[in-house]
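Residue numbers (UniProt numbering), protein chains in the order written: chain Y, 1 to 305; chain C, 1 to 269.
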């Protein structure tokens with residue numbers, strides 16, 4: 001933590017960035033976008049440790065862990081007196097919640113299905129790691145991780161459908177998002193609201209982080225307003241997007257575990273930027289002694305919260 | 001009790017007739033499953049004739065309801081509705097704009113992919129009130145079903161909820177999520193006659209299927225009490241839908257005093 005700061009920082013825990021995005025998780029991206037929209041300062045701590053609910057992201061604030069992106073946002077809204085939805089009336093808030101559910105309780109599972117069942121190789125290619133690690137990850141995914149996701153998909157219900165049926169469901173949801181957005185700047189009008197955090201977090205994953213997928217093709221060909229929308233959000237809140245991604249290394253270095261792991265895992269340096277850029281500068285060590293961070297960069301990002 | 005991969009044929013298929021397979025009725029309602037009530041409400045809204053049938057056998061997706069239509073089994077209430085819309089040239093959403101259809105779909109997702117789990121949690125995992133809904137011939141049968149619930153149904157539900165994600169929350173958090181979702185439904189409905197306006201649409205079948213089933217057959221649950229106390233417009237709405245599309249609701253319930261499975265099955269045939 002920087003000596004100049006007197007306020008405790010919000011520490012966000014999630015897996016390391018990929019070559020294509022600051023995070024592979026739509027829920028982490030949702031939370032990070034919320035923080036940038038509200039101007040709340042935070043630091044990123046890259047870890048494979050999961051929250052008490054077994055997911056990413058989670059935060060540690062004043063020594064307390066809070067899990068689940070929605071609960072985290074509710075907490076931060078109360079703690080810092082923020083509300084991205086102040087301009088919305090009751091019907092608009094209800095509509096906003098319904099679309100949030102569409103994204104987080106249905107469409108995201110189409111992404112999980114594509115990423116972990118249909119097009120796993122495309123995802124592994126986005127991770128910054130040595131060829132040997134990639135082989136290990138490919139093996140781990142096929143033997144273990146894919147089964148976990150299949151069980152999750154089955155539990156949700158969508159996993160019981162055929163690949164084609166799941167694709168149809170995903171396209172239907174994406175079309176709905178496109179039709180609801182229409183030619184507005186943001187989902188609920190001319191100003192960004194909480195729904196934009198959710199929808200950007202998910203749409204960006206589909207557009208940029210599912211390369212070669214049918215969803216990517218569908219969105220780019222049929223729903224250009226969604227593509228323009230994500231670019232608008234990036235321009236406004238993620239001008240440092242490329243710097244926040246993992247950088248391709250010429251040589252992969254394995255680093256030993258130590259108490260200073262957090263600093264050595266630093267992937268995202270934004271120096272000399274105003275506003276929210278500074279807050280993301282360092283992933284320094286937390287006081288929480290239970291945090292153990294793997295040295296290998298670009299390790300498997302986790303299931304979404 | 002149920003075997004997957006083997007859908008049951010109703011045995012006396014009439015060409016063109018639709019048979020809707022489900023877990024049958026209860027003392028308080030014509031269906032035990034909200035997805036079944038959604039589907040049957042849609043059929044009534046579109047005037048498509050059908051025959052409900054009690055079954056414990058489930059086809060490949062392992063879910064209820066499913067239909068048999070012209071010898072073909074179709075599963076999943078949403079896919080069934082799409083199939084029947086196509087077969088019978090129906091479209092309850094014809095009057096909606098693309099943005100309105102999108103909003104309707106978003107609320108369908110809110111209900112079916114989120115609220116549903118919180119209601120299932122209250123129905124199955126909070127108490128034994130489910131046992132009051134179906135008939136048992138004797139105390140041993142009640143006990144047997146109770147064991148089955150504890151050894152199979154409840155663990156399966158917990159596993160599904162954990163996979164879906166909502167099962168990782170505490171009971172308090174799950175109930176808060178239910179409250180939030182029901183509040184959103186009530187706020188969006190407002191004083192409108194139907195969910196999207198003055199005309200019924202497909203999402204009305206969804207809302208009635210879930211909120212209606214909870215209101216009429218699970219009135220002691222936390223969410224039912226929440227709706228009764230805080231959302232009178234939602235109570236009025238489900239009453240309205242019931243009167244319009246289910247005037248025979250009470251006649252379809254299992255009569256009080258029924259105790260045998262066979263009698264119940266006949267009632268459902």
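A virtual CB, placed ideally from N, CA and C, is assigned to each residue, including glycine.
Sorted by chain position, which residues of the same chain lie with C-beta nearer than 7 Å to residue 65 (chain C)'s C-beta, five sequence neighbours on each side aside? Excluding positions up to five away in sequence, the list reads 20, 21, 22, 33, 35, 36, 39, 77.
Report the CB separation of residue 99 (chain Y) from residue 195 (chain Y) in whole angstroms; it is logged as a contact under 8 Å. 6 Å
Expected contact under 8 Å - CB spacing of residue 13 (chain Y) and residue 49 (chain Y) to nearest Å: 7 Å
Contact list for the region 210 to 233 of chain Y against chain C, Cβ threshold 8 Å: none
For residue 206 (chain Y), which residues of its own chain have a beta-carbon under 8 Å away from its beta-carbon, when the five flanking residues on both sides are left out? 111, 174, 213, 215, 216, 219
Residue(s) in a DSSP beta bridge with residue 44 (chain Y): Per DSSP, Y:12.
Nearest to residue 120 (chain C) by CA position, among C:221, C:82, C:148, is which residue? C:221
Using a 10 Å radius around the Cβ and a threshold of 16 neighbouring Cβ atoms, would you call residue 16 (chain Y) buried or exposed? buried
Curious, which full-length beta strand (DSSP E) runs of at least 3 residues does the UniProt domain "Thioredoxin-like fold" (34 to 128) of chain C contain? 50 to 54, 66 to 69, 72 to 75
Could you list which residues in chain Y have their beta carbon closer than 9 Å to that of residue 38 (chain C), in chain order? Against residue 38 (chain C), chain Y offers no close residue; the least beta-carbon distance is about 14 Å (beta-carbon pairs closer than 9 Å).
Given this structure, state the Cα-to-Cα distance separating residue 253 (chain C) from residue 18 (chain C), to the nearest angstrom. 21 Å
Span separating the alpha-carbon of residue 171 (chain Y) from that of residue 102 (chain C): Distance between the alpha carbons of residue 171 (chain Y) and residue 102 (chain C): 12 Å.
Which residues does DSSP pair with residue 169 (chain C) in a beta bridge? DSSP, once it has assigned bridges, lists no residue as partnering residue 169 (chain C).
Compute the Euclidean distance between the alpha carbons of residue 278 (chain Y) and residue 44 (chain Y), then round it to the nearest angstrom. Only weak support exists for where residue 278 (chain Y) lies, its pLDDT of 34 falling under 50; the value from the coordinates is given anyway. Their Cα atoms are separated by approximately 12 Å.
Neighbour list for residue 105 (chain Y) in chain C, Cβ cutoff strictly below 7 Å: 109, 113, 114
From C:177, C:90, C:143, C:111, residue whose alpha carbon lies closest to that of residue 201 (chain C): C:90
Return helix, strand or coil for residue 204 (chain Y), following the three-state DSSP convention. Looking at residue 204 (chain Y) - three-state DSSP - the assignment turns out to be helix.
Could you compute how far the alpha carbon of residue 246 (chain C) sits from the alpha carbon of residue 144 (chain Y)? Each residue's alpha carbon lies about 48 Å from the other.
Count the other CB atoms within 10 Å of the CB of residue 75 (chain C); is the residue buried (16 or more) or exposed (fewer)? Of the other Cβ atoms in all chains shown, 16 or more fall within 10 Å of the Cβ of residue 75 (chain C); this residue is therefore buried.
Can you find a CB in chain Y that lies within less than 7 Å of the CB of residue 77 (chain C)? It does not; no Cβ of chain Y falls within 7 Å.
What alpha helix (DSSP H) runs, 4 residues minimum, are completely inside the UniProt domain "Thioredoxin-like fold" (26 to 119) of chain Y? Correct list: 26 to 38, 69 to 80, 90 to 102, 108 to 113.
If contacts are defined as beta-carbon pairs under 8 Å, then residue 89 (chain Y) and residue 99 (chain C) qualify, I think. What distance do you get, rounded to the angstrom? Not really, about 17 Å apart at Cβ, beyond 8 Å.
For residue 163 (chain C), the nearest candidate out of Y:245, Y:51, Y:94, Y:156 (CA to CA): Y:156
Strictly by DSSP, which residues pair up with residue 189 (chain Y)? Y:186
Please return the same chain residues whose Cβ sits closer than 8 Å to the Cβ of residue 169 (chain C), not counting the five positions on each side in sequence. 177
Other residues of its chain near residue 203 (chain C): CB distance less than 7 Å, five sequence neighbours each side excluded: 104, 107, 108, 195, 196
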